[in-house]
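Here the sequence shown is numbered in full-length UniProt numbering, starting from 1 and rising by one per residue.
In what follows, a structure is listed as structure tokens, so that the remarks can point back to it.
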Amino acid sequence: MERSEETAEYDEKFEGSASKFPLTLWEICAASGVVLAFAFGLLGVYLTLPASDYSFLKLPRTLDDLQILRDHLEDYTSDYTLQVLVGYCVVYIFMQTFMIPGTVFMSLLAGSLFGVFRGLALVLFNATAGASSCYFLSKLIGRPIVFSLWPDKLVFFQEQVAKRRKNLLNYMLFLRVTPTLPNTFINLASPIVDVPYHIFFLATLIGLIPAAYVSVRAGLALGELKSLGDLYDLHSIATLFLIGLVTVTPTLMGKNKS
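Have a look at this one:
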């Protein structure tokens, strides 16, 4: 009974949001402005590179595509390090902002080109920046989109956030470390269910470290990977869940005491 009342209140709260879809003209213009900003950034990087054939520059969709991209970029990384770094960051953040699949390939590429420690720092910076960009874009225009795509999941997330408000950082860390909810959904839904940005930021920066480390380290042996499934075996997944349980334990203990 209590759950149905909460659900009814939540549905009433977002009733206006559902009818708001599709986006208004102002919201479309705002999103288009963000796209143009990324486009100009990529154009600036491209114009500073030497004249050459850049047909290899495309978003990798397979490990073969990634290996071809890595082989070509290795020739540029030493002489045009700044351009490669800026281009990498713009592409990664753009993909995170607009929920384009394939950031795992970008993480592998970072490890392959820059090594474990520099690659890990690069991935964490871009993943956090991209998630933050998605958070604020969703805060601006995401409410009708999320409500239309994941209404039930959004209600569940809102209820969990409300229950764990006092230990929200632990809960958000648990979500980031474990594959309980997709990261794309977390990025989009967090501002809608009133997750404060500082909590979102810390949970993203810290919670993504284990998965990012696995991907970056695997990039060192890119040629040995047969499929993306090789990244996460049963042991790796179990380890991530164990870390997630450790982060959420204070929340569970606090709930039992109350």
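C-beta atoms are modelled at their ideal positions from N, C-alpha and C, and glycine is treated no differently.
- Per DSSP, reduced to three states, the secondary structure at W150 is coil, with no helix or strand assignment.
- For A221, the secondary structure class from DSSP, reduced to helix, strand or coil, is coil.
- Closest option to L120, judged by alpha-carbon separation, among L225, G219, E224 and K226: G219.
- Boundaries of the alpha helix (DSSP H) around S132: V116 to I141.
- Listed in chain order, the non-local C-beta contacts of I199 below 7 Å within the same chain comprise L168, L169 and M172, local neighbours out to five positions each way being set aside.
- In terms of Cβ geometry, Y92 and N126 form a close pair [threshold 7 Å].
- The C-alpha of W150 lies about 45 Å from the C-alpha of P50.
- Secondary structure of K226 (DSSP, three-state): coil.
- Only residues of its own chain outside the window of five on either side were considered, and among them G111 and V116 have a CB closer than 7 Å to the CB of R217, listed in chain order.
- Close CB contacts of Y54 within its chain, under the 8 Å cut and outside five residues either way in sequence, are with Y46 (chain order).
- When the Cα atoms are used, Q158 and R118 turn out to be separated by approximately 36 Å.
- The three-state secondary structure of S32, taken from DSSP, is helix.
- The beta-carbon distance between V123 and S133, rounded to whole angstroms, is 15 Å. This is too long to meet the 8 Å contact definition.
- Our two residues, L36 and R70, have alpha carbons roughly 27 Å apart in a direct line.
- One thing to note: T77 has its Cβ within 7 Å of the Cβ of V84.
- Short of 6 Å from the beta carbon of T48, and not among the five residues preceding or following it, lie these beta carbons of its own chain, in chain order: Q83.
- Counting of Cβ neighbours within 10 angstroms places G142 among the buried residues, the total reaching 16 or more.
- Pairing L202 with K226, the inter-Cα distance amounts to about 34 Å.
- A direct Cα-Cα distance of roughly 42 Å separates V146 from S52.
- Put simply, the backbone Cα of P179 is about 16 Å away from that of F156.
- In the three-state DSSP reduction, T180 falls in the coil class, being neither helix nor strand.
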